[in-house]
Amino acid sequence: MNTLLILDSDAPRYVEALKERNFADLVIHSANDPVAAREHIEQADIILARPAYAAPLLERAKNLRWLQSTFAGIDPLCSKELRTDSILTGVKDVFGRLMREYVFAYIPAQITSLFCENYRRFLSASKLKYIVEFANGY
């Protein structure tokens, strides 16, 4: 029998998805924050969590064998002070497309902003400002 602790602000969604799978040998506990997780942390041998939520509780996780991060990054769990006697895995190859879309949308926005700011500086530092104002009817 395995005991899973889900520690994430979206814990109810994870619980629902896992219960649909009907794992007979899995006891599921959940918490939305580290304080609420203290009640179940010692029994859990599997933890599915946000790294920042799990890190302060690892010393209490006496039965932990596997920690699965709900984030791609696991930096809060890689401190030398934290235990290293369990398997640590992170989410990979899930956010790549979303990050690419974000970056390729962000680049033109930054370039446009840069050009607009440089144009404003150019106008304020030159006599063209007066010509543009005159042409616009100021």
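Residue numbering for the sequence shown is 123 to 260, as defined by the working numbering.
C-beta: ideal position from N, C-alpha, C; glycine also.
Checklist entry - What is the C-beta distance between T125 and I168, in whole angstroms, given that I count them as a contact (C-beta under 8 Å)? => result Numbered from 1 along the sequence shown, position 3 holds the residue referred to as residue 125. Numbered from 1 along the sequence shown, position 46 holds the residue referred to as residue 168. Between I168 and T125 the Cβ distance is about 7 Å, and since that is below 8 Å, they are a contact.
Item to check | Exposure of L220, with buried meaning 16 or more beta-carbon neighbours within 10 Å | outcome: As a position in the sequence shown, residue 220 is number 98, starting the count at 1. L220 comes out exposed.
Item to check | Segments assigned alpha helix (DSSP H), at least 4 residues, entirely inside the segment 133 to 158 | outcome: 133 to 143
Checklist entry - Would you report the Cα separation of N133 and R222, rounded to the nearest angstrom? => result Residue mapping note: residue 133 aligns to position 11 of the sequence shown, counting from 1. Residue mapping note: residue 222 aligns to position 100 of the sequence shown, counting from 1. A small fix is needed here, since residue 133 is Ala in this sequence, not Asn. Computed Cα separation, rounded: 27 Å.
Item to check | 3 or more residues per run - each beta strand (DSSP E) lying fully within the segment 201 to 226 | outcome: 209 to 211
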